[in-house]
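What follows is a short report on a single structure.
In UniProt numbering, the protein residues as written are 1 to 820.
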């Protein structure tokens, strides 16, 4: 229902609008809401660690060690290229859909309302504003009706501000209630709030718990690498190691930092966002896909979630002296006369024909007071009020009888409203702050919600994912409880009302929130307080809402989810938007988030284990003799047992409940036994192949760079490189166990793909060892079949050793820890 605009507010003509656009008076903005292609290239390719590596490789090239430099750089470039291509593809798909999800503007041109993209607004345009709309440009209210606006983005205050005709509206704020029109006065970069809005809307990175822990791990490893670099620099100067060899050592130490983790997590988020996009879910922040896997509680509104957000007329009960015919006319006239239609008035106008009355005062419905009111021009002494019976009848002598009648209806799951009449002079506030002290009940109206299809299955999936659901609604608790039970909630579900919560002290409030599932008659501020109460106990809370009354709770939540058909205000603050307005799509997003989290844990185990045992081998050999790796050796190892498995595990990761204990604790249980045992055996292999004679050991230890010593050193480096690659291949099935043996006391997932991947990597590595050109490319000395088989058998022995340690919980028992 779109009322005709006032005669003085006819808007521009299309010709005037086009002329102003050509003069540069359009609403163009340069705010960036996602990473640019340049940002993606810069973050993936030119981060700090890569820049250091590129610099060292450049020095190697100048010194004539071209192959060493190219091999070291090529593995980084391969990882970057794969990640870049995948992320760019994901970005294009997401942005293509995001364009369709952007807020639209309704303007009046040629005396008709039309919808246009916000950037098409020009100076002088008349813009229509309804509840939930985002104010897109600065300008004064030129309509006849006041509106309430949420200006928290500018002031930090959540209380709505009433804007009268002539008052200024600012871009980035939201309409809470009322309907009016405003004139675009300052558009684009000229708007007063443009800098603040641009800052709020441009791409910014908000880290999840997983990202914070990864950042911590990488920083710790970075400090260790710097410490190693310092030690080996001093050692090289004392032993007079040639400068090219010092640079090679530096390259090896730089590659200890698991820089590929950042590529892997970016790729995981991008692929996850594309997967859930196929289910009709658009993410605003890529890491929101992972955040949803951590949810303990999801708060939802009844309307639009359990129900279809479409009301149907059920019944009408006249009160007092009114008969049914008169009651229908009164409530129909009210619905047809309001300037701010909503789902309730739409249901009434669809059920009854009414007559639009001339209105002197219009108080739109607002969630915080649960009623709306009209004062007709023909009788300015009376105010007609439509709202919740239990709110309107607090002073009425008939309240007991009427509330009993309402109870019968709410027990059937019906939404019940009361139409009443009061005197304007009896304490009524024209601004909509206070009701008349005495209200005469006229009509009791019952409306019926439609349950969404498949909602019971959706609730069951959330239960399986161990996500607790709480329903927060503005309707009566009995109505909400009945519909919740119809949808699949338990019969003995607990409920409470907003007025009851208001009477509680903070401790009682906390206990009530924790033990209650259904919340009714809740105001927007109370929704926010419920979220805070749950978060104060360490729970991670998501909020699903679609109205402007949900904005405070959405902002407060750890994960904000909005419906596409919801208000612009809700969509603007959300992390995730449900494009099909379907609550049933969310369990898939939860599973996808779990898949990402579990996949990243597997990748972390790969990178951290490799970094741990390589660091220990370098440190141990540095105390004894020589340096155990060349840049080409670690580049090969990084590719075969780091880069390739990590990309595969991202694609093959499976969903499952994310453990609550620290990621660092889980990594310690896996990494320490594997790293310690592998480094001990790796050191033994290095020394075994190095110690062909005691005199040679002495020469290497004192850095006498004879040809024989260099060949023996390369021989030992090759042996330890082959050994750690064999062990790394055997490590892959432990990450995603295909059987109970590989699970080593953990849960198996019976996925055979990791075994297949291990065989493929083994075949590729065997080819490299057999082919002389490839072996030379990676600086591998020929060891012969017998030595290679010996190293392979040693890697099998290590595999059985570490499996036994994991199965027997050696690490936990040794340190007296609970099972991690």
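Ideal placement from N, C-alpha and C gives every residue a C-beta, glycine not left out.
(request) Mind checking which residues open and close the beta strand (DSSP E) that includes residue 447? (result) 439 to 451
(request) With a cut-off of 8 Å on the beta carbons, I'd call residue 649 and residue 602 a contact; round off their distance for me. (result) 5 Å
(message) Three or more C-beta pairs under 8 Å: does that hold for the stretch 576 to 585 against the stretch 445 to 461?
(response) yes
(request) Select from 748, 387 and 271 the residue whose C-alpha is nearest the C-alpha of residue 443. (result) Distances from the CA of residue 443 to each of 748, 387 and 271 were compared; the closest alpha carbon is that of 387.
(request) Count the CB pairs spanning the stretch 358 to 377 and the stretch 329 to 338 that are closer than 8 Å, and state whether there are at least three. (result) With the cut-off at 8 Å, the stretch 358 to 377 and the stretch 329 to 338 touch.
(message) So, for residue 161: in the same chain, excluding its five sequence neighbours on each side, which residues have a beta-carbon less than 6 Å away from its beta-carbon?
(response) 149 and 151
(request) Within the same chain, show all residues whose beta-carbon is closer than 6 Å to that of residue 296, passing over the 5 residues directly before and after it, in chain order. (result) 539 and 540
(request) Please state if the CB of residue 674 and the CB of residue 609 are separated by a distance shorter than 7 Å. (result) yes
(message) Between which two residues does the beta strand (DSSP E) holding residue 20 run?
(response) No beta strand (DSSP E) holds residue 20; the alpha helix (DSSP H) holding it covers 14 to 22.
(request) Check each candidate in 713, 678 and 232 and name the one with the smallest Cα separation from residue 689. (result) Selection 713, 678 and 232 evaluated against residue 689 yields 713 as nearest (Cα-Cα).
(message) Whole angstroms are fine: how far does the CA of residue 522 sit from the CA of residue 474?
(response) 5 Å
(request) Would you please state the rounded distance, in angstroms, between the beta carbons of residue 551 and residue 292? I believe it to be under 8 Å. (result) The C-beta separation of residue 551 from residue 292 comes to about 20 Å, leaving the pair out of contact by the 8 Å criterion.
(request) Over the uninterrupted beta strand (DSSP E) stretch that includes residue 170, give me the two end residues. (result) It is not in any beta strand (DSSP E) - residue 170 carries neither H nor E in the DSSP assignment.
(message) Can you look up residue 148 in the DSSP assignment and give me helix, strand or coil?
(response) strand
(message) For residue 481, which residues in the same chain have their Cβ closer than 7 Å to its Cβ, ignoring the five residues on either side in sequence?
(response) So the qualifying residues of the chain are 493, 495 and 518.
(request) Verify whether the separation of the beta carbon atoms of residue 141 and residue 167 is less than 7 Å. (result) yes
(message) Just to check my reading of the structure: residue 183 and residue 124 have Cβ atoms closer than 8 Å, yes? What is that Cβ distance to the nearest angstrom?
(response) 7 Å
(message) Considering only the alpha carbon of each residue, which of 45, 51 and 630 lies closest to residue 715?
(response) 630
(message) Does the stretch 495 to 508 come into contact with the stretch 416 to 430, if we say contact requires no fewer than three beta-carbon pairs (one atom in each stretch) closer than 8 Å?
(response) Touching, no, given that fewer than three Cβ pairs across the two stretches are closer than 8 Å.
(request) State the Cα-Cα distance for the pair residue 821 and residue 730, rounded to the nearest angstrom. (result) A question about residue 821 goes unanswered here, because the residues of the chain that appear run from 1 up to 820.
(message) Tell me which residues share the same chain as residue 803 and place their Cβ nearer than 6 Å to its Cβ, disregarding the 5 neighbours each side in the sequence.
(response) 744
(request) State the DSSP-derived secondary structure class of residue 190, mapped to helix, strand or coil. (result) helix
(request) Give the secondary structure of residue 685 by DSSP, where H, G and I count as helix, E and B as strand, and everything else as coil. (result) Note: residue 685 maps to helix in three-state DSSP.
(request) Measure the alpha-carbon distance for residue 740 versus residue 466 and round it to whole angstroms. (result) 25 Å
(message) Only counting the same chain, and skipping five residues up and downstream in sequence, which positions put a Cβ closer than 6 Å to that of residue 728?
(response) 641
(request) Buried or exposed for residue 212, please, with buried defined as at least 16 other CB atoms from any protein chain shown within 10 angstroms of its CB. (result) exposed
(message) Can you find the residues in the same chain that come closer than 6 Å, C-beta to C-beta, to residue 720, ignoring five residues on each side of it along the sequence?
(response) 628, 682, 685 and 686
(message) Quick check: the Cα distance between residue 779 and residue 718, rounded to an integer number of angstroms?
(response) The straight-line gap from Cα to Cα measures roughly 8 Å.
(request) Please go through the same chain and pick out, in chain order, the residues whose beta-carbon is closer than 7 Å to the beta-carbon of residue 280, but skip the five residues on each side of it. (result) 578, 579, 580, 582 and 585
(request) Closer than 6 Å by C-beta to residue 754: which residues in its own chain qualify, once you throw out the five before and the five after it? Chain order, please. (result) The residues 732, 733 and 736, in chain order, have a CB closer than 6 Å to that of residue 754 in the same chain once the five nearest residues on each side in sequence are set aside.
(message) Check whether chain C comes within 7 Å of residue 516, counting only Cβ atoms and requiring the distance to be less than that.
(response) Any reference to chain C falls outside this structure, which holds one protein chain only.
(request) Label residue 51 either buried or exposed according to how many other C-beta atoms from any shown protein chain fall within 10 Å of its C-beta, with 16 as the threshold for buried. (result) exposed
(request) Spell out the partners DSSP gives residue 376 in its beta bridges. (result) 359
(request) Identify whether residue 574 lies in helix, strand or coil by the three-state DSSP scheme. (result) coil
(message) So, under 8 Å CB-CB, residue 353 and residue 332 are touching, yes? Tell me the CB distance rounded to an integer number of Å.
(response) 7 Å
(message) Check for me: the beta strand (DSSP E) holding residue 183 runs from which residue to which?
(response) 180 to 183
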